[in-house]
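Visitor: Residue numbers (the working numbering): 69 to 331. Built from N, CA and C at the ideal position, the CB exists for glycine as well.
1. Helix, strand or coil for residue 122 per DSSP?
2. Going by DSSP in three states, residue 248 sits in which element: helix, strand or coil?
3. On the criterion of 16 or more Cβ atoms from any shown chain inside 10 Å, does residue 283 qualify as buried, or is it exposed?
4. Which same chain residues end up closer than 7 Å to residue 323 when comparing Cβ atoms and leaving out the 5 residues on each side of it in sequence?
5. How big is the Cα-Cα spacing for residue 193 and residue 264?
6. Would you kindly work out how many angstroms separate the C-alpha atoms of residue 274 and residue 266, rounded to a whole number?
7. Thinking C-alpha only, which one of 103, 314 and 277 is nearest residue 188?
8. Check residue 231 in the structure and name its three-state DSSP category.
9. Going by DSSP in three states, residue 262 sits in which element: helix, strand or coil?
10. Could you tell me the distance, in whole angstroms, from the CA atom of residue 301 to the CA atom of residue 225?
11. Any idea if residue 178 is buried or exposed, counting beta-carbon neighbours within 10 angstroms, 16 or more meaning buried?
12. Taking the alpha helix (DSSP H) that residue 112 falls in, what are its first and last residues?
13. Let's test the definition: count the other Cβ atoms within 10 Å of the Cβ of residue 270 and tell me whether it reaches 16, buried, or not, exposed.
14. Straight-line CA distance for residue 288 to residue 232?
15. In the DSSP assignment, the beta strand (DSSP E) including residue 292 goes from what residue to what residue?
16. Would you mind sorting residue 209 into buried or exposed? The rule is 16 or more other CB atoms within 10 Å of its CB.
17. Could you tell me the alpha carbon to alpha carbon distance between residue 260 and residue 153, rounded to whole angstroms?
18. If we count Cβ pairs, one from each stretch, closer than 8 Å, do we get three or more for the region 244-259 versus the region 128-140?
19. The beta strand (DSSP E) with residue 99 in it runs from where to where?
20. Could you compute how far the alpha carbon of residue 161 sits from the alpha carbon of residue 205?
21. Exposed or buried, what is residue 86 when buried is set at 16 or more other beta-carbons lying within 10 Å of its beta-carbon?
22. Are the CB atoms of residue 199 and residue 325 nearer to each other than 8 Å?
23. For residue 137, count neighbouring C-beta atoms within 10 Å of its own C-beta (all shown protein chains included) and say buried if the count is 16 or more, exposed if not.
24. With residue 217 and residue 252 assumed to form a contact (beta carbons below 8 Å), what rounded beta-carbon distance in angstroms separates them?
25. Spell out the partners DSSP gives residue 208 in its beta bridges.
26. Quick check on DSSP: helix, strand or coil for residue 146?
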């Protein structure tokens, strides 16, 4: 009897996933940002959206998104491979590629704290708000946290996002811009920090997370979600190690969404 019940639960779950996929609206959009420059986005919209999650991958960030919605790079990135999990939680998902003038190496490397990057993301936020009157969250993982934290610290008022989700945050970086060294006191929106306690990436030691949380002095609401489970494979700074929440993606997204949506 137990096996039969398990079988039907699996069947119902599969049917629900099929129906949800059939109801998913997916499109690729190019929006102008700066003179002669456009920003390509992959937009996934559920039937009953509750908020918007603008996703920033780690690494060099050059997804090289095709007009058909395929990724030439980054499909395995934690946020990219989990994008439909956010949709299942009621988020309009907006995946951000490198802009049209950064479509070759080094892509976003060395660019995430540049004024042009801030201008591009500001335009994306405005475009999203014109499409849907919903809370807009910037969501970054690994090097993507350097984008969202910096951009949010540079924007204010109606230009700023409604919240930030920082996952596998870059906490130390001798030659770059670690997130705790940014002007986080300027942030005036809720911030959710998601980190794996066993993250072995040299830039993301869990022992450095308290220093990050202490820098969030002016935010109206903050939370640390930490995880210990999962599977670690390969380079400790890559997406299928603990750094990328390998094997626990659904749980991570579900807990993050519950906090963001106030559930």
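Guide: Quick answer:
1. Residue mapping note: residue 122 aligns to position 54 of the chain shown, counting from 1. Looking at residue 122 - three-state DSSP - the assignment turns out to be strand.
2. The count along the chain shown starts at 1 and reaches residue 248 at position 180. In the structure shown, residue 248 sits in a helix (DSSP, three-state: H, G or I).
3. Walking along the chain shown from the start, residue 283 turns up at place 215. The residue in question, residue 283, is buried, as its Cβ has 16 or more Cβ neighbours within 10 Å.
4. Here residue 323 refers to the residue found at position 255 when the chain shown is read from its first residue. Correct list, in chain order: 293.
5. Counting from 1 along the chain shown, the entry for residue 193 is found at position 125. Counting from 1 along the chain shown, the entry for residue 264 is found at position 196. Roughly 28 Å between the two C-alpha positions.
6. Residue 274 sits at position 206 when you count from the first residue of the chain shown. Residue 266 sits at position 198 when you count from the first residue of the chain shown. Cα to Cα, the separation comes out at about 7 Å.
7. Mapped onto the chain shown, residue 188 falls at position 120. The shortest C-alpha separation from residue 188 is found at 103.
8. Against the chain shown, residue 231 aligns to sequence position 163. Strand.
9. In the chain shown, residue 262 corresponds to position 194, counting from 1. In the structure shown, residue 262 sits in a strand (DSSP, three-state: E or B).
10. By one-based count along the chain shown, residue 301 stands at place 233. By one-based count along the chain shown, residue 225 stands at place 157. Residue 301 and residue 225: Cα-Cα distance of roughly 42 Å.
11. Here residue 178 is taken as the residue at index 110 of the chain shown, counted from 1. With fewer than 16 other Cβ atoms within 10 Å, it is exposed.
12. The sequence position of residue 112 within the chain shown is 44, counting from 1. Residue 112 -> not in any alpha helix (DSSP H); beta strand (DSSP E) instead, spanning 106-113.
13. Your numbering for residue 270 matches position 202 in the chain shown. The residue in question, residue 270, is exposed, as its Cβ has fewer than 16 Cβ neighbours within 10 Å.
14. The residue given as residue 288 occupies position 220 in the chain shown. The residue given as residue 232 occupies position 164 in the chain shown. Each residue's Cα considered, the two are about 12 Å apart.
15. Taking the chain shown and counting its residues from 1, one reaches residue 292 at position 224. Counting along the chain, the beta strand (DSSP E) containing residue 292 begins and ends at 290-295.
16. For the purposes of this step, residue 209 is taken as the residue at position 141 of the chain shown. Result: buried.
17. Within the chain shown, numbered from 1, the residue matching residue 260 stands at position 192. Within the chain shown, numbered from 1, the residue matching residue 153 stands at position 85. Rounded to the nearest angstrom, the two C-alpha atoms are 17 Å apart.
18. no
19. Here residue 99 corresponds to residue number 31 of the chain shown, with the count starting at 1. Run containing residue 99: 93-100, per the beta strand (DSSP E) assignment.
20. As a first step, residue 161 is located in the chain shown; it is residue number 93 there, counting from the start. As a first step, residue 205 is located in the chain shown; it is residue number 137 there, counting from the start. So the alpha carbons of these two residues sit roughly 10 Å apart.
21. To locate residue 86, count along the chain shown from 1; it is residue 18. The predicted model places residue 86 with a pLDDT of 41, which falls under 50 and marks its position as unreliable, so this point remains unresolved.
22. Stepping through the chain shown from its first residue, residue 199 is reached at position 131. Stepping through the chain shown from its first residue, residue 325 is reached at position 257. No. Outside cutoff.
23. In the chain shown, counting from the first residue as 1, residue 137 sits at position 69. Residue 137 should be labelled exposed.
24. For the purposes of this step, residue 217 is identified with residue 149 of the chain shown, where counting begins at 1. For the purposes of this step, residue 252 is identified with residue 184 of the chain shown, where counting begins at 1. Between residue 252 and residue 217 the Cβ distance is about 7 Å, and since that is below 8 Å, they are a contact.
25. Residue 208 sits at position 140 when you count from the first residue of the chain shown. Partner(s): 124 and 234.
26. Within the chain shown, the letter at position 78 stands for residue 146. Three-state DSSP puts residue 146 in a helix.
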